[in-house]
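The structure appears below as structure tokens.
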Amino acid sequence: MASVTFDAVTKRYGSVTAVDDLNLSIDDGEFMVLLGPSGCGKTTALRMIAGLEEISDGALSLGSQVVNDIDPSRRDISMVFQSYALYPHMTVRRNIESPLRVRTYHVDGPDTLPRKLTAAERDERVAEAARVLGLEEYLDRKPSALSGGQRQRVALARAFVGRPQAFLMDE
3 MASVTFDAVT KRYGSVTAVD DLNLSIDDGE FMVLLGPSGC GKTTALRMIA GLEEISDGAL
63 SLGSQVVNDI DPSRRDISMV FQSYALYPHM TVRRNIESPL RVRTYHVDGP DTLPRKLTAA
123 ERDERVAEAA RVLGLEEYLD RKPSALSGGQ RQRVALARAF VGRPQAFLMD E
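Residues 3 to 173 (the working numbering) make up the sequence shown, in order.
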């Protein structure tokens with residue numbers, strides 16, 4: 003995990019300010035909840051951390067690195083959306099495994115080149131996530147056969163398997 007720091011971060015959409023001069027530090031390993039009325043900028047703040055929204059002013063850091071101009075795919079962040087965003091044609095197993103098939107990881111240590119995971123490494127991570135979130139009996143089902151709560155756990159498992167620096171959960 004890594005710390006997240008907003009240093010005078012502002013987000014504007016034209017003449018509308020969605021986030022105004024946000025100063026916030028979230029320590030490594032800390033659990034933080036943003037509360038507020040609809041439209042106050044909670045989701046926008048999360049989307050800025052993930053790199054899905056550009057920052058208008060200020061600096062956003064993950065660990066010691068300012069990430070304002072870092073591509074979302076290079077931020078090592080997992081975000082779970084309210085809508086779950088599961089692939090309906092894939093099994094739960096494949097949904098959980100999907101990020102492991104496309105990304106590279108520093109599996110052999112932080113000072114080594116990142117690489118794709120082997121099938122055995124992917125299977126191990128999927129099994130661990132399924133066990134932790136109580137999804138083992140659902141791995142061969144499609145999302146449509148699951149309840150809303152089970153689908154949410156599949157989305158959490160998919161975020162968990164990549165072992166990112168930060169988890170972001172929107173509603």
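Ideal Cβ placement from N, Cα and C applies to all residues, glycine included.
Which residue's Cα is closest to the Cα of residue 9: 30, 48, 63 and 15? 63
What are the start and end residues of each continuous beta strand (DSSP E) run of 3 or more residues lying completely inside the region 60 to 142, in chain order? 79 to 82
Coarse secondary structure for residue 6, derived from DSSP in three states: strand
Going by the DSSP bridge assignment, what does residue 19 pair with across the sheet? 14
Here's a check: name, in chain order, each residue in its chain whose Cβ is nearer than 8 angstroms to the Cβ of residue 38, leaving out the five neighbours to either side. 44
Work out the CA separation of residue 93 and residue 138 for me, nearest whole Å. 12 angstroms
Which residues in the same chain as residue 55 place their Cβ atom closer than 8 angstroms to its Cβ, once the five residues preceding and following it in sequence are excluded? 13, 46 and 49
For a quick check, are the C-beta atoms of residue 168 and residue 21 less than 8 angstroms apart? no
May I have a chain-ordered list of the alpha helix (DSSP H) segments no shorter than 4 residues that lie completely inside the region 140 to 169? 150 to 163
Buried or exposed: which applies to residue 25, given that a residue is buried once 16 or more other Cβ atoms fall within 10 Å of its Cβ? exposed
Since residue 27 sits in a beta bridge, which residues does DSSP pair it with? 7
Quick check: the Cα distance between residue 173 and residue 153, rounded to an integer number of angstroms? 14 angstroms
When DSSP labels each residue in this structure, what does residue 50 get in the three-state scheme? helix
Below 8 angstroms, can you find three or more Cβ-Cβ pairs linking the region 96 to 109 to the region 156 to 165? yes
Exposed or buried, residue 80, counting other C-beta atoms within 10 Å across all chains shown (16 or more means buried)? buried
For residue 91, which of 70, 113 and 142 has the nearest alpha-carbon? 142
When 74, 51 and 19 are compared against residue 27, the one with the closest alpha-carbon: 51
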